[in-house]
Amino acid sequence: MNNLQFRILYREFLFRMVDLELLSPQGDITKLLGQFAGLLIWISSGLLLGALFFDARRIPPNALMTVLWSQEHFLIATTMLVVGLFAVLSWESTFLNRRDVLVLAPLPIRARTMFLAKVASVATALSLTVVSLHTLAGVAWPVLVFSPANSGLLGMIRSLAAYWVTMLSAGAFIFCSVLGVQGLAAQLPRRLFLRLSAVLQMAAFCLVVSVYFLQPSLATPRALAAAQNQHALAWLPSYWFLGLFQALNGSMHPAMAPLARRACLGLALAIVGAGAAFLLSYFRTLRKIVEEPDIVAGVRGVNWLPRFGNSLETAVVQFSIRTLLRSRQHRVILAFYLGIGFALVSLLWKNGGPRRQADIPSIVSPIFSSIVMMTAWVVGTRVVFAMPLDLRANWMFRVTSVHRTPEYLAAIRRPLFVLSVGPVWLVSAAVFLSAWPWRPAVEHLVILGLWGTILAYVSLYGFHKIPFTCSYLPGKSKVNLMFIAAAGLLQAIGFGIASELRALHDPARYAELVVILGIAAVCCWWRTVALARAEESVVLFEEEESPAILGLGLFRDGALPTEAAAAPNPPAY
Amino acid sequence: MVSLNFMLELRNVTKRFPGTIAVDNVSFSAHPGEITGYLGPNGSGKSTTMKMITGLIEMSSGEILFDGVPIRNDLLAYKRRMGYVPEEPYLYTHLSGLEYLAMVSQLRGLPAKPAANCINGLLRLFSLHGDRHSPISNYSKGMRQKVLLSAALLHNPDLILLDEPFSGLDVGTALVLRSLIQELAARGKVVLFSSHELETVERVSSRVVILHRGKIVADDSIEHLRTLMALPTLEDIFSQLAVEQDTAGISREIADLIGA
Numbered sequence: 005m006n007n008l009q010f011r012i013l014y015r016e017f018l019f020r021m022v023d024l025e026l027l028s029p030q031g032d033i034t035k036l037l038g039q040f041a042g043l044l045i046w047i048s049s050g051l052l053l054g055a056l057f058f059d060a061r062r063i064p065p066n067a068l069m070t071v072l073w074s075q076e077h078f079l080i081a082t083t084m085l086v087v088g089l090f091a092v093l094s095w096e097s098t099f100l101n102r103r104d105v106l107v108l109a110p111l112p113i114r115a116r117t118m119f120l121a122k123v124a125s126v127a128t129a130l131s132l133t134v135v136s137l138h139t140l141a142g143v144a145w146p147v148l149v150f151s152p153a154n155s156g157l158l159g160m161i162r163s164l165a166a167y168w169v170t171m172l173s174a175g176a177f178i179f180c181s182v183l184g185v186q187g188l189a190a191q192l193p194r195r196l197f198l199r200l201s202a203v204l205q206m207a208a209f210c211l212v213v214s215v216y217f218l219q220p221s222l223a224t225p226r227a228l229a230a231a232q233n234q235h236a237l238a239w240l241p242s243y244w245f246l247g248l249f250q251a252l253n254g255s256m257h258p259a260m261a262p263l264a265r266r267a268c269l270g271l272a273l274a275i276v277g278a279g280a281a282f283l284l285s286y287f288r289t290l291r292k293i294v295e296e297p298d299i300v301a302g303v304r305g306v307n308w309l310p311r312f313g314n315s316l317e318t319a320v321v322q323f324s325i326r327t328l329l330r331s332r333q334h335r336v337i338l339a340f341y342l343g344i345g346f347a348l349v350s351l352l353w354k355n356g357g358p359r360r361q362a363d364i365p366s367i368v369s370p371i372f373s374s375i376v377m378m379t380a381w382v383v384g385t386r387v388v389f390a391m392p393l394d395l396r397a398n399w400m401f402r403v404t405s406v407h408r409t410p411e412y413l414a415a416i417r418r419p420l421f422v423l424s425v426g427p428v429w430l431v432s433a434a435v436f437l438s439a440w441p442w443r444p445a446v447e448h449l450v451i452l453g454l455w456g457t458i459l460a461y462v463s464l465y466g467f468h469k470i471p472f473t474c475s476y477l478p479g480k481s482k483v484n485l486m487f488i489a490a491a492g493l494l495q496a497i498g499f500g501i502a503s504e505l506r507a508l509h510d511p512a513r514y515a516e517l518v519v520i521l522g523i524a525a526v527c528c529w530w531r532t533v534a535l536a537r538a539e540e541s542v543v544l545f546e547e548e549e550s551p552a553i554l555g556l557g558l559f560r561d562g563a564l565p566t567e568a569a570a571a572p573n574p575p576a577y
Numbered sequence: 004m005v006s007l008n009f010m011l012e013l014r015n016v017t018k019r020f021p022g023t024i025a026v027d028n029v030s031f032s033a034h035p036g037e038i039t040g041y042l043g044p045n046g047s048g049k050s051t052t053m054k055m056i057t058g059l060i061e062m063s064s065g066e067i068l069f070d071g072v073p074i075r076n077d078l079l080a081y082k083r084r085m086g087y088v089p090e091e092p093y094l095y096t097h098l099s100g101l102e103y104l105a106m107v108s109q110l111r112g113l114p115a116k117p118a119a120n121c122i123n124g125l126l127r128l129f130s131l132h133g134d135r136h137s138p139i140s141n142y143s144k145g146m147r148q149k150v151l152l153s154a155a156l157l158h159n160p161d162l163i164l165l166d167e168p169f170s171g172l173d174v175g176t177a178l179v180l181r182s183l184i185q186e187l188a189a190r191g192k193v194v195l196f197s198s199h200e201l202e203t204v205e206r207v208s209s210r211v212v213i214l215h216r217g218k219i220v221a222d223d224s225i226e227h228l229r230t231l232m233a234l235p236t237l238e239d240i241f242s243q244l245a246v247e248q249d250t251a252g253i254s255r256e257i258a259d260l261i262g263a
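These protein sequence lines map, in sequence, to chains A and B.
Residue numbers for the first sequence follow my numbering, beginning at 5 and rising by one.
Residue numbers for the second sequence follow my numbering, beginning at 4 and rising by one.
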């Protein structure tokens, strides 16, 4: 293997884990990756606080073990969730794409070098993910909390090593499992693989998210030993790695022994299986990728879509629907937001559902579910609208811009209603009208519709972009602040649901609530439309505006640079 | 008799990018019924000029007029009358050819039924009808070029801007396009097209504008240029005006360099 070739390819593949074509020409890939790392470190600092404020003296001795196990399990499960999401999001970059093959195949590079460079880049990205997530927490928890009592410095070091080995192993297990499934699917005919791959990616995503939020709490000696839980434990890898941590940490309870064994076996199987499937499929893919198209041919039946207003609105809405249906990366990002909504709903049904607690009215869960799913869908759709597809093709929208800006901005608003508010409202209507008496069902649907409208107009405020056509500039939005905003939104949802519950039993209060929401919806609509109608409004195709002052790049003597020193070619579009 | 009002006119158009002047004080006009060839070596500023004429990028100074009116006065009305084929066939590859053209017709606000008939006709005449439901990602470069041509002509524009329109086309389609350009000009359209295929330009164009390092070095009829420069072909004229390099010398150096 040529070391220089390996290093060049390794670096190239590592920085291509994120789709560069999403970025604005002014965008910097290192900034985007830094933003991801920053987000993980921010989560890690939250985990660190937990360790710093953990006071074992306040916990009764008989409950301490259970509390520690729960904390250990939480950290392992969170690692598996993050790595699982990383594996799903980097699904596209696991194999060489068509462009890689077309560029690299004519060069004298061995397939083995490409393969190893790809594996090394994927492994590095995986390690960086785990390390970023545990930068701060990965020292505090094992040293301050998990090291066995009176074990001294050696105990702390052992606990630290056990922690990192466990986290990296848990991450490797989930990553290799996803990779193995993908590698096995790649053995199918390529056309079938491409079709199945999209389904598998979504299925993997749903599985990772739902297991994290829905798995039962079994981190007690009694639950681990109970016969009825053995079947569940056999299918919950986060508990296997809890066993592994206990074994490595030297604090293993007998109930953990079979779990630790299962972790080792599972990890070995996942690595060997993924390696074999990946190797097989890799060389097969190298041969097949040039011969067959990336997108399966369309059929006439799905080409038909109804009109959605005037011709401009129809064009924008149909373009948005087709893009969302056909672009895997956009679907995955949307699924991420829906997954968060789904997780919140699942948590409520699991912990506070009508069957568990008699004091909670049976209407809370359905109301909460519909409001949360509406929120997740609207926010997720609005986020994916800002991510471009085939960015360089957006010249067509600019050349055909024969309408006034307010008409475009009106057309831009429509897809959000068609793709998010409308479907959630219609599904909710079907569910509520079939399950509830018509009056409360209609009352809730009115409130749900108003909430969706408010949310859509708020999220569209200042959004002057045709969906999927404007470049993305990383680092512009403050991800950390978005988390705080999301927490505020959850509070607002909670307050809103409490208000609605009171109002559903009191017609006067209901009328008051509808009027307030109605006024809020009209205000949001007016504010968004007024901004759109402002004279300075323009449809944006580039996140970064051109500078107001143009630098001429003059030399000190006032002359323009010579050809040799001239700036690179002007931007394409 | 064709009205001269449709004329496209560039007056002292300049485009500066940081550290470089891409187009320097360019002035010329293109008339209806006339095919104007816009020539120049790579990096001479042809595509930048085309993008300024389409309104995709703004000029640093100067004026572009169509129909005697600065295009900036009413860019929307101007775009309704302009069709453009860009140099690079960037298209939304997740859409089928039919979907793409339907979207363009909707964006232009064309009436649905006549537009659908026109799209079908264009797809048939460009031999794309059989693949109209396949995603553009499956199309060859020539097929993509045909989609771009169809999109540019769909609304029967008065001004047709073609940036390397023959790129990737097979011989048969290139002959059709050559003839089509002449037919459209004969029907009173203003046609401005840039190409590196000098033989095609020589056969099709009535006038040529030659650009070199962002500046116009020739703007005349081919016949007049031939007489003026006492050179037999457009290729010779172009070499004299815009090619500074000693082509034979460079070839020898390259062969020497690789040790051939």
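Note that the Cβ used here is the ideal one computed from N, Cα and C, for glycine as well.
No experiment lies behind these values; they were computed from the predicted model shown.
Bridge-paired residues (DSSP) for residue i
i: B:Pro138; result: B:Ser99
i: B:Val29; result: B:Val16
i: B:Ala221; result: B:Ile213
i: B:Gly66; result: Here residue 66 of chain B is Glu; the residue named in the question, Gly, does not match the sequence. Note: B:Glu66 sits in a beta bridge opposite B:Arg14.
i: B:Ser197; result: B:Tyr41, B:Asp166
i: A:Ile45; result: A:Ile45 is not bridged to any residue.
i: B:Thr23; result: B:Phe20
i: B:Pro73; result: B:Leu68
i: B:Met85; result: B:Leu162
is_contact[residue i, chain A] using C-beta, thresh 8 angstroms
i: B:Met106; result: yes
i: B:Gly112; result: yes
i: B:Arg75; result: no
i: B:Thr250; result: no
i: B:Leu79; result: yes
i: B:Pro168; result: no
i: B:Val5; result: The predicted model places B:Val5 with a pLDDT of 45, which falls under 50 and marks its position as unreliable, so this point remains unresolved.
i: B:Lys149; result: no
i: B:Arg14; result: no
When the options are compared against residue i, the one with the closest alpha-carbon
i: B:Ser198; options: B:Pro168, B:Ile257, B:Met53; result: B:Pro168
i: B:Gly171; options: B:Ala118, B:Glu91, B:Ile122, B:Val29; result: B:Glu91
i: A:Arg443; options: A:Ser463, A:Asp394, A:Leu423, A:Pro511; result: A:Pro511
i: B:Glu235; options: B:Gly133, B:Asp70, B:Glu205, B:Ala119; result: This sequence places Pro at residue 235 of chain B; Glu is not what is there. Residue B:Glu205 is the option with its Cα nearest to B:Pro235.
i: B:Asn15; options: B:Leu78, B:Arg229, B:Lys218; result: B:Lys218
Proximity test, Cβ basis, 8 angstroms: residue i and chain B
i: A:Ser285; result: no
i: A:Ser541; result: no
i: A:Gln578; result: In the structure displayed, chain A extends from 5 to 577; residue 578 of chain A sits before or after that span and is not available.
i: A:Ala141; result: no
i: A:Met378; result: no
i: A:Trp399; result: yes
i: A:Val431; result: no
i: A:His468; result: no
i: A:Ser331; result: yes
i: A:Val388; result: no
Own chain, CB closer than 6 angstroms to residue i, minus 5 neighbours either side, in chain order
i: A:Arg359; result: With a pLDDT of only 45 at A:Arg359, under 50, the local geometry of the prediction cannot be trusted, and the value read off the model is given with reservation. So the list is empty, once near-sequence residues are dropped.
i: A:Phe10; result: Thr117, Ala121
i: A:Gln322; result: Leu309
i: B:Leu165; result: Val88, Phe196
Proximal residues to residue i (C-beta, below 8 angstroms), its chain only, five neighbours per side dropped
i: B:Ala245; result: Leu42, Gly43, Pro44, Ser47, Ile213, Leu214, His215, Val220
i: B:His158; result: Arg83, Gly86, Ser108, Arg111, Leu113
i: B:Leu7; result: The predicted model places B:Leu7 with a pLDDT of 48, which falls under 50 and marks its position as unreliable; any figure quoted below should be read in that light. His34, Pro35, listed in sequence order.
Nonlocal neighbours in the same chain, by C-beta distance under 7 angstroms from residue i, ignoring five residues either side
i: B:Ser208; result: Ile38, Thr39, Gly40, Ile225
i: A:Phe287; result: Ala115
Where are the alpha helix (DSSP H) runs, 4 residues long or more, that stay fully inside the region 58-101 of chain A, in chain order?
65-93
Every unbroken alpha helix (DSSP H) within the region 99-140 of chain A, with a cutoff of 4 residues, ordered by chain
102-108, 115-137
Going residue by residue through the region 205-268 of chain A, where are the continuous alpha helix (DSSP H) segments of at least 4 residues, counting only ones entirely within it?
225-229, 234-238, 241-253
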